[in-house]
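Following my numbering, the numbering of the sequence shown begins with 605 at its first residue and continues without gaps.
Just so it is clear, CB atoms sit at the ideal spot from N, CA and C, and this is done for glycine as well.
Just so you know, these numbers come straight off a predicted model, no measurement behind them.
Single-structure report; data block below.
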Amino acid sequence: MTYVRFALLVTTLSASSTLYAQEQDKENNLQSDDTNLIVYLTRTNNTKAVASMIHEAVGGELFELTLETPYPEDYDAIVAQVDEENETGYLPPLETTIGNIAQYDTVFIGFPTWDMTLPPPMKSFLSEHDLSGKTVIPFNTNGGYGLGSTLEVIEELCADCQILEAFETRGGLERDGILLAIENERKEEVEAGVLAWLESIGYSALR
Ligand SMILES: Cc1cc2nc3c(=O)[nH]c(=O)nc-3n(C[C@H](O)[C@H](O)[C@H](O)COP(=O)(O)O)c2cc1C
């Protein structure tokens, strides 16, 4: 099922008086998928699972953020490194390149909570790309401790963006050996939450 932002649907449907026109509008809406960018950071694939759900619903381009120098596999080592990067304000160089950011009107940004704040690679992304004037839609998975200060950091790094309400859900907890948690029944539960959230921020399902 494809979802489109409600504002767009209202504009196009109000101009339609015939069935033919409505069919044309449906096509126009589907073409609008090209203006969505979904960019996410993941380590144990929980945020990736949510990114895929959003992508399936709204379409557009899907990009995973990867680093020039990947983080260590070892959990304690990555925790120490992220802590240090947050302390010093270090922005790790990204391997991911997004060709023409100007072509996107809406940018979904997905990230796990790390160190109760926005992970350094997402800070790198927001610092390297000019998203001013765009609609930015955050989504997050975490180990059960919530969004922390992630949204405040996004607001700082994206001052001229229209930031919509974030989606947040419990993912894994690597510290306790729980890696991918968004699978099987939990996946269905999260998917229902994602679709309800999309509707709450103005997306409607196309029938
Ligand atoms: C370096 C690191 C730091 C983390 N810090 C937090 C935290 O502060 N609060 C929290 O709730 N979960 C924390 N987590 C857990 C992740 O947010 C959670 O497992 C998330 O679902 C991982 O998403 P992913 O599978 O897409 O990588 C941390 C995980 C890592 C690897």
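Residue i CB to nearest heavy atom of ligand 1 below 7 Å
i, result
"valine 798", "no"
"isoleucine 682", "yes"
"valine 686", "yes"
"proline 676", "no"
"glutamate 778", "yes"
"tryptophan 718", "yes"
"tyrosine 708", "no"
"threonine 673", "no"
"lysine 791", "no"
"threonine 606", "no"
"threonine 813", "Beyond the ends of the chain as shown, which are 605 and 811, falls residue 813; an answer cannot be given."
"glycine 781", "no"
"threonine 651", "yes"
"tyrosine 749", "yes"
"threonine 745", "yes"
Residues that residue i bridges to, as DSSP identifies them
i, result
"asparagine 744", "Phe715, Glu772"
"glutamate 668", "Tyr644"
"threonine 710", "Asn640, Thr739"
"isoleucine 782", "Leu777"
"leucine 698", "Leu671"
"isoleucine 767", "Val740"
Host alpha helix (DSSP H) of residue i (start-end)
i, result
"asparagine 650", "650-662"
"asparagine 788", "788-804"
"alanine 684", "679-692"
"methionine 726", "724-732"
"leucine 761", "754-761"
Beta-carbon spacing of residue i, residue j below 8 Å
i, j, result
"lysine 791", "alanine 653", "yes"
"phenylalanine 771", "asparagine 788", "no"
"isoleucine 713", "phenylalanine 667", "no"
"threonine 646", "glutamate 778", "no"
"tyrosine 679", "leucine 802", "no"
"tyrosine 708", "asparagine 650", "no"
"glycine 776", "glycine 747", "yes"
"asparagine 690", "proline 716", "no"
"methionine 605", "alanine 809", "yes"
"cysteine 762", "leucine 783", "no"
Run of the beta strand (DSSP E) containing residue i, from where it starts to where it stops
i, result
"serine 808", "807-809"
"tyrosine 607", "607-609"
Residue i at chain C interface by Cβ criterion, 8 Å
i, result
"leucine 761", "The structure shown contains no chain C; it is built from a single protein chain."
Does the region 746-754 come close enough to the region 683-697 to have 3 or more Cβ pairs within less than 8 Å? no
Three or more C-beta pairs closer than 8 Å, one from the region 733-747 and one from the region 665-685: is that the case here? no
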